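Okay, structure first, notes after.
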Amino acid sequence: MTTPSGTTHSGAFRRRITLALAALATIAALQGGFAIWAVGLAEHHVLRGRVAADIKQGFTELWFNKQQLRNWMAERQFGIGASEARRDALLLNMRDVLRRMNELAEQAIALDDGVAAQQRHAQRREALLILGGSIDQLARGLASLNQPSPGLDMTTAWHIANELFDNAEGRDLRSLLAESLDREDASLKEKRADTDDTLVWLQRLWIGTTAGLVLAALVIAAGFARALRTPLMALATGAAALRDGQLSHRISMERADEFGEVAHSMNAMAEELSAHRAREREARQALEDQVASRTAELTVALSVQNEAEARRRQLFADISHELRTPTTAIRGEAQVALRGNDKPAAEYQQSLRRIEDASRQLAATIDDLLTMARSDIDSLSLRKTPVDLGAVLGEVFSLGHAIAHAQGAVLDRKGWPDGLTALGDADRLRQLLLVLIDNAIRYSHPGGAVSLSARRIERDGPVAELMIEDMGIGIEEAELSKVFNRGHRAPNAHLHCADGSGLGLPIARVLARGHGGDIELKSALGRGTVAIVTLPLVISQMEKRA
């Protein structure tokens, strides 16, 4: 593991913790192992005592059943009415007890293999064999007492009972049972003593191992508490300093362990925070500068807006003047025509023509006003459909030719390729091109030539480039950036043609951009102007497949 300062530590503290925990785990495992072994030993002694107690209980039951059979025999001899079922039940019970005692004897041999125990095992086996023969002897003897013996006196009956119950294979059964009970009682006391000693030893073992485990845990805890006190206090002090904003504080801790790594990390974090704070101050200052700059820009924009508002008001004043002039002319012509007696038809026709011209001028001015009053291209209600630009150019050329003829100019057609299809509004496109052609004719010299042409070019996609070129008065270079402002007219335009509202080119640009295109003007003063309209074309299926 590498610290932020580039030093490498070996995880010393982690190893110390691992060793301490391993030591505690080892002690606990040893304690558990001793406990398992001790419990097994205690269980062994308890089982030995239980077996000894059961064997003793078996001898007691044999003695008791034997006494019950003696009573049965006495009752049988004297005809008191002893039943054979009771005799058979007592004999069966004695055989079951003897069988169980043989099993317990084998279990006792497996549990206790000491020298003294082996002698007891041999004596127990011998006694069980004799008792087994005694039970068989009793069964045979009692079976011969099916009927009571008439005239049997007490002495004879007592003698018969003693021979049958107290002797077997030349051994006195009373002594045999007494010795067996004494031997099993001594064995039981010995097993109980061993069990008590084992429990005492287990208690001492538990106390010792628990005390050792607690002592080891206390020693390890004290050692770690002493080892942790200094670095934790240093880290806590450093954390409090960082919390209070003292980014210049550094933790002095040269340790090749995890605490040293944390100290290096906190110092690096403090350095990073200091640098971040410096960057934040710089960013805040830059933001303040930017706000000041934007404020200045907004001030300029507000000034520009105020100027635009002033121009708008001037525009409406000019438009009011433009509307007043043709309406006054129309009213004047009508009054002149109606004044006096009947006039020749030619004179009325001339008045009507002048009224028609004034009405046309009025209609054009009103159209310009309505168009410029719209705030965005959506209000122009463009109905876009695939439009053949060649057909639109043909119609515009015919209308423009009539306008040029009326103004004493010439409109030439330089031609255009087939297949120019754009997505747009045909009426608006005609309006756009007629505005440009009307401007070109209006600002041309008498007899001047105006040309209309189109071509297909490739930019990001296919584009139609429509050009209206004249040889008229031209536009000063300083005025080129202003001619698209609403209501603006160049000084030489005012001198050449007094009428006009300065709305034609702004309307044309709005229409061009509404179709996804634009208008560009190239001009030289006294040498003419070229208006270039660019419109995106629709890609045909053949071009898509290509």
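So for the sequence shown, the numbering used here puts the first residue at 89; every next one is plus one.
Beta carbons: idealized from backbone N, C-alpha and C, even for Gly.
Everything numeric in this text was worked out from a predicted model, so none of it was measured.
Using only CA atoms, which one of the options lies nearest to residue i?
i: L150; options: R518, A170, R183, W125; result: R183
i: V475; options: S628, L390, G229, T114; result: S628
i: K144; options: R271, E546, S362; result: R271
i: P319; options: G348, L330, Q291, L508; result: G348
i: I561; options: A537, I545, L306, L230; result: A537
i: I595; options: T473, L520, G488, Q155; result: L520
i: L157; options: H133, L118, T114, R228; result: R228
i: K472; options: A552, R367, A510, I443; result: A510
i: H489; options: S539, L265, A514, E131; result: S539
i: V484; options: S541, R382, R164; result: S541
i: I491; options: D506, R212, S171, R530; result: R530
i: D176; options: I525, F166, N190, A231; result: A231
i: L112; options: R213, V350, G512, L303; result: L303
i: L301; options: Q438, L522, I115; result: I115
i: V498; options: A162, A374, F312, D526; result: D526
i: R188; options: P432, T298, A140; result: A140
i: R501; options: I556, E172, L323, L522; result: I556
i: E267; options: R317, L216, R314, W160; result: L216
i: A552; options: A528, D558, F572, L517; result: L517
i: L107; options: A198, I308, N190, A384; result: I308
i: L568; options: K610, L109, T297, R369; result: K610
i: I607; options: M559, D558, L554, A566; result: L554
Can you list, in chain order, the residues of its chain with a C-beta nearer than 8 Å to that of residue i? Leave out the 5 residues immediately preceding and following it.
i: V185; result: G146, E149, L150, N153
i: G220; result: L186
i: T286; result: A126, L129, A130, H133
Residue range of the beta strand (DSSP E) that residue i falls in?
i: D606; result: 606 to 612
i: K502; result: 498 to 503
i: A552; result: 550 to 558
List the endpoints of the continuous alpha helix (DSSP H) containing residue i.
i: I197; result: 172 to 199
i: D526; result: 514 to 530
i: P319; result: 261 to 331
i: H337; result: Counting along the chain, H337 falls outside any alpha helix (DSSP H), and DSSP gives it neither H nor E.
i: H209; result: 203 to 231
Please state whether DSSP places residue i in a helix, a strand or coil.
i: G536; result: coil
i: V571; result: coil
i: P474; result: strand
i: L621; result: Looking at the sequence shown, residue 621 is not Leu but Val. The answer is strand: DSSP assigns V621 an E or B state.
i: L487; result: helix
i: E397; result: helix
i: G616; result: strand
i: L591; result: coil
i: L508; result: coil
i: S353; result: helix
i: E564; result: coil
i: R544; result: strand
i: S362; result: helix
i: S467; result: Its pLDDT being 47, under 50, S467 is placed unreliably in this model, and the value from its coordinates should be taken loosely. Helix at S467.
i: V379; result: helix
i: R158; result: helix
i: G253; result: The question names Gly, but residue 253 in the sequence shown is Phe. F253: helix per DSSP, three-state reduction.
i: S648; result: Absent from the model: residue 648. The displayed extent of the chain is 89 to 634, so no value can be given.
i: I627; result: coil
i: H603; result: coil
i: K431; result: coil
i: F152; result: helix
i: F166; result: coil
i: D142; result: helix
i: R102; result: helix
i: H409; result: Legend: pLDDT at H409 = 47, less than 50; position of this residue unreliable, value from coordinates given subsequently. Helix.
Take residue i and list the residues in its own chain whose beta-carbon comes closer than 6 Å to its own, dropping the five residues that flank it on each side.
i: E564; result: L613
i: L179; result: A227
i: R615; result: G562
i: L335; result: A358, L361, S362
i: G512; result: K472, V475, H603
i: D142; result: L192
Leaving aside the five residues before and after residue i along the sequence, list all residues of the same chain whose C-beta is less than 7 Å from its C-beta, in chain order.
i: R208; result: R271, S275
i: N355; result: R338, I339
i: G496; result: P534, G535
i: D200; result: R136
i: S463; result: Confidence at S463 is low in this model, with a pLDDT of 42, below 50, so the placement of that residue should be treated as unreliable; the coordinate-derived value is given next. Result list for S463: empty, nothing under 7 Å.
i: R213; result: A193
i: E376; result: none
Kindly indicate if chain C contains any beta-carbon less than 8 Å away from that of residue i.
i: R543; result: You won't find chain C in this structure, because it holds only one protein chain.
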